[in-house]
Structure formats: structure tokens, C-alpha cells
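As C-alpha cells, the structure follows; a few thoughts come after it.
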Amino acid sequence: MKIVLAEKTSSAAVTLFKEESGWTVITADQINGDLPKQISDADALLVRSAVDVNAGLLEHAQKLKV
Numbered sequence: 260m261k262i263v264l265a266e267k268t269s270s271a272a273v274t275l276f277k278e279e280s281g282w283t284v285i286t287a288d289q290i291n292g293d294l295p296k297q298i299s300d301a302d303a304l305l306v307r308s309a310v311d312v313n314a315g316l317l318e319h320a321q322k323l324k325v
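Counting from 1 along the sequence shown, just add 259 to a position and that's the residue number in the numbering used here.
Written out as C-alpha cells, the structure reads:
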């Protein structure tokens, strides 16, 4: 499962996600300005309030479940 943490997330939360077997975790600092590419094969996208998740962005997220 690929999880994209699109915004700055506490190190404790990142650690919890990374400890899950079979999960690939992409953090905000790994996105490198190309969120559409990163979510193209992601199963989950986690945001808080800074990232605008709109229809244009979601068009790139073919596998997104959460």
C-alpha cells in the first residue's frame, strides 16, 4: 500500500506509518513539487489544510481509496 503524506507530519506519525509491513510511505519532503505524480499510484492521501485536493488533482489518483 502506498501512502502519501502530502503535508508536514509529526515524526511520531511518520514512524507509525512506516512501521506497517507492506506500506510505502511518501512524506511531504519527498514529493518534490510533483504531487500529481506521487498520487498516481497511491492508495491513500493524507492532508491537513494546506493542500487543496480538488477535481483536477484527483484526476491523477486512479488507485486512491482513502
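Cβ atoms here follow ideal geometry from the backbone N, Cα and C, with glycine treated the same way. Keep in mind the model is a prediction, meaning the values are calculated, not measured.
In DSSP terms, what residue i is bridged to
| i | result |
| --- | --- |
| L304 | V263 |
| V284 | I262 |
Residue burial classification, residue i (beta-carbon count within 10 angstroms, cutoff 16)
| i | result |
| --- | --- |
| L275 | exposed |
| A314 | exposed |
| V263 | buried |
| Q297 | buried |
| T325 | First, the residue type needs correcting, since residue 325 is Val and not Thr in the sequence shown. It counts as exposed. |
| L317 | exposed |
Unbroken alpha helix (DSSP H) run spanning residue i, endpoints
| i | result |
| --- | --- |
| K324 | No alpha helix (DSSP H) holds K324; DSSP gives it neither H nor E. |
| A309 | No alpha helix (DSSP H) contains A309, which DSSP labels as neither H nor E. |
| G315 | 314-317 |
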